[in-house]
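What follows is a single structure, written as structure tokens, with notes after it.
Protein chains: 2
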Amino acid sequence: MSSNNLETRNRILNAALTLLEASRGKGVRMIDIAKRAGITRQALYLHFRTRAELLIATTYYLDEVKGVEERLIPSRAARSGIERLDAFIEAWGSYIPEIYVIAEALLAMKDTDEAAAKAWDDRMRDMRQGCEAAIRALNSDNMLSPAYPPAQATDVLWTMLSVRNWEQLTIECGWPQERYIETLKSLARRIFVAERTSN
Amino acid sequence: MSSNNLETRNRILNAALTLLEASRGKGVRMIDIAKRAGITRQALYLHFRTRAELLIATTYYLDEVKGVEERLIPSRAARSGIERLDAFIEAWGSYIPEIYVIAEALLAMKDTDEAAAKAWDDRMRDMRQGCEAAIRALNSDNMLSPAYPPAQATDVLWTMLSVRNWEQLTIECGWPQERYIETLKSLARRIFVAERTSN
DNA sequence: TGTTAGCTTGACACTGTGTCAAGCGGGTGC
DNA sequence: GCACCCGCTTGACACAGTGTCAAGCTAACA
Numbered sequence: 000m001s002s003n004n005l006e007t008r009n010r011i012l013n014a015a016l017t018l019l020e021a022s023r024g025k026g027v028r029m030i031d032i033a034k035r036a037g038i039t040r041q042a043l044y045l046h047f048r049t050r051a052e053l054l055i056a057t058t059y060y061l062d063e064v065k066g067v068e069e070r071l072i073p074s075r076a077a078r079s080g081i082e083r084l085d086a087f088i089e090a091w092g093s094y095i096p097e098i099y100v101i102a103e104a105l106l107a108m109k110d111t112d113e114a115a116a117k118a119w120d121d122r123m124r125d126m127r128q129g130c131e132a133a134i135r136a137l138n139s140d141n142m143l144s145p146a147y148p149p150a151q152a153t154d155v156l157w158t159m160l161s162v163r164n165w166e167q168l169t170i171e172c173g174w175p176q177e178r179y180i181e182t183l184k185s186l187a188r189r190i191f192v193a194e195r196t197s198n
Numbered sequence: 000m001s002s003n004n005l006e007t008r009n010r011i012l013n014a015a016l017t018l019l020e021a022s023r024g025k026g027v028r029m030i031d032i033a034k035r036a037g038i039t040r041q042a043l044y045l046h047f048r049t050r051a052e053l054l055i056a057t058t059y060y061l062d063e064v065k066g067v068e069e070r071l072i073p074s075r076a077a078r079s080g081i082e083r084l085d086a087f088i089e090a091w092g093s094y095i096p097e098i099y100v101i102a103e104a105l106l107a108m109k110d111t112d113e114a115a116a117k118a119w120d121d122r123m124r125d126m127r128q129g130c131e132a133a134i135r136a137l138n139s140d141n142m143l144s145p146a147y148p149p150a151q152a153t154d155v156l157w158t159m160l161s162v163r164n165w166e167q168l169t170i171e172c173g174w175p176q177e178r179y180i181e182t183l184k185s186l187a188r189r190i191f192v193a194e195r196t197s198n
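Top to bottom, those sequences are chains A and B.
The opening residue of the first sequence carries number 0 in numbering that gives the first Met the number 0; numbering runs sequentially from there.
The opening residue of the second sequence carries number 0 in numbering that gives the first Met the number 0; numbering runs sequentially from there.
As structure tokens, then:
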């Protein structure tokens, strides 16, 4: 029965999520996921063709669970460019820690698996849209620093907000999450906003 | 004979280097390296205990070949803080493309191999010293922006100059190397230098 | 001439992914 | 009540890549 099928599928995705979160994304085997989901390893392949496919499905499942879309509403509603930039950094920056472990797993597969690479790149391209919109909003307000053309400014913002940079600052350097958010907002203003009036 | 031993060792390291560079760091097997070095796969293990150990040795070998130390001389000789910041970004930024493929290979192992992780972290810690010195020089000149305490400024500079960020800007965004260097210099000035007089 | 260092040859173990065939049990249709 | 099928289990096996081991070869050196 297809409802039963879907139920198992969700159990698998939940299992994958839990295990990835528990083990910081590394060393989660198919057999571990299967056991946690209460089925055999082989049965996993009745739902997902490969490990990569399972992980990709897990990230989409995660998005669904965490609700990415809703989080971006405030940034879209922003009236000024600066406000939009701030709201976007706030929204994305707060989202990173929630997807971090899964992102790690996907990033680790990027080298070996074509599909995983594409899934990650798609996801990053989506995020880039937000960066572009924020820069464009700033530009419309005539508040974008003339130092960088919009396209390059987008590249820079996109790079600044990468998961890897979040990882380095919070995990490696030990920054608390709020400092990460505040510093990135401050940096973005310093870099992108013309005629600085605040830091 | 130990001289023969060393000769083979260098042949292995050269082989590893060549292959890693050719294949962008991924999918290089022990057998490939062995063949290229003109020995058997098993003989590799007479020189390196594991694949990780070989890769780590390869990175040190690379440093030797490329001469990291000499490149940093100009930045140490700089008279002003700003000059030092510029020189450091120039030196490190120019070095990244040369070590990039090996860095990739090492980064890929970071998740699974303890020793590889340590080797990479050590390397990054070295680089961080340069960042710290540049920030300190700026601070001594009273040119460090009050917006960030020196420790945090170091964290930010260190993160900005990561290999991943270089990868994203040059490879993903398609920036030419000179633009990368110039933009990073410009960004660093904008962020760290107080009372901006230039962009 | 005998010894030894450095390599080869040809095994084998192990891990993890992915595949296959046969079987089983419970619900559904007739 | 019977047959059927779906979703899963069981127990194989293939395959790639790393790492290990024992025995043998060969050139150089004492």
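We treat Cβ as the ideally placed atom computed from N, Cα and C, and that holds for glycine.
This structure is a prediction, so every number in the text was calculated from the model and none was measured.
Nonlocal neighbours in the same chain, by C-beta distance under 6 Å from residue i, ignoring five residues either side
i: A77/A; result: R83, A86
i: L71/A; result: A90
i: A36/B; result: R10, I11, A14
i: R127/A; result: W157
i: Y60/A; result: L12
i: C130/A; result: T153, L156, W157
i: L5/B; result: none
i: R8/B; result: H46
Beta-carbon gap between residue i and residue j smaller than 8 Å
i: A102/A; j: V27/A; result: no
i: A104/A; j: L16/A; result: no
i: I168/A; j: A133/A; result: Ile is not the amino acid found at residue 168/A; the sequence shown has Leu there. It is not a contact, given that the beta carbons lie outside the stated cut-off.
i: L160/B; j: A193/B; result: no
i: G80/B; j: L137/B; result: yes
i: I190/A; j: I98/B; result: no
i: K25/B; j: T111/A; result: yes
i: T58/B; j: A21/B; result: no
Cut-off 8 Å between Cβ atoms - residues of its own chain near residue i, not counting five sequence neighbours on either side
i: I180/B; result: I88, E89, G92, S93
i: R23/B; result: V100, E103
i: H170/B; result: Checking the displayed sequence, the identity of residue 170/B turns out to be Ile instead of His. Result list for I170/B: empty, nothing under 8 Å.
i: P145/B; result: A193
i: L183/B; result: I88, G92, M159, L160
CB contact check: residue i to chain B, cutoff 8 Å
i: R189/A; result: yes
i: A146/A; result: yes
i: D110/A; result: yes
i: D140/A; result: no
i: Q176/A; result: no
i: T57/A; result: no
i: K65/A; result: no
i: M163/A; result: Note on identity: in this sequence residue 163/A is Arg, with Met being the wrong assignment. R163/A counts as touching chain B.
i: A221/A; result: Since the first residue of chain A shown is 0 and the last is 198, residue 221/A is not available in this structure.
i: D154/A; result: yes
i: K25/A; result: yes
i: T7/A; result: no
i: N198/A; result: Any reading at N198/A must be qualified, since the residue scores a pLDDT of 45, below 50, and its modelled position is unreliable; the value itself is stated next. Chain B, which has a Cβ nearer than 8 Å to the Cβ of N198/A, makes this yes.
i: T158/A; result: yes
i: W151/A; result: Correcting the residue identity first, residue 151/A is Gln in this sequence and not Trp. Answer yes: the Cβ-Cβ gap between Q151/A and chain B drops below 8 Å somewhere.
i: S1/A; result: Confidence at S1/A is low in this model, with a pLDDT of 40, below 50, so the placement of that residue is unreliable and no value is reported for it.
Contact with chain A by residue i, beta-carbon distance below 8 Å
i: S74/B; result: no
i: K184/B; result: no
i: N4/B; result: no
i: C130/B; result: no
i: E49/B; result: The sequence shown places Thr at residue 49/B, rather than the Glu named in the question. Chain A, which has no Cβ nearer than 8 Å to the Cβ of T49/B, makes this no.
i: T169/B; result: no
Burial state of residue i, where buried means 16 or more other Cβ atoms lie within 10 Å
i: G45/B; result: For clarity, residue 45/B is Leu in the given sequence; the question names Gly instead. With fewer than 16 other Cβ atoms within 10 Å, it is exposed.
i: V201/A; result: Here chain A comprises residues numbered 0 to 198, so residue 201/A is not present and cannot be evaluated.
i: L54/B; result: buried
i: D121/A; result: exposed
i: A150/B; result: exposed
i: L125/B; result: Note on identity: in this sequence residue 125/B is Asp, with Leu being the wrong assignment. So D125/B counts as exposed.
i: G235/A; result: No information on residue 235/A is available, as it lies outside the stretch 0 to 198 that chain A covers here.
i: E166/B; result: buried
i: R188/A; result: buried
i: S74/B; result: buried
Chain-order list of residues whose beta-carbon lies under 7 Å from that of residue i (same chain, five-residue window excluded)
i: A114/B; result: A51, E52, I55
i: M29/A; result: R40, L43, R50
i: A33/A; result: T39, R40, A42, L43
i: I95/A; result: V162, W165
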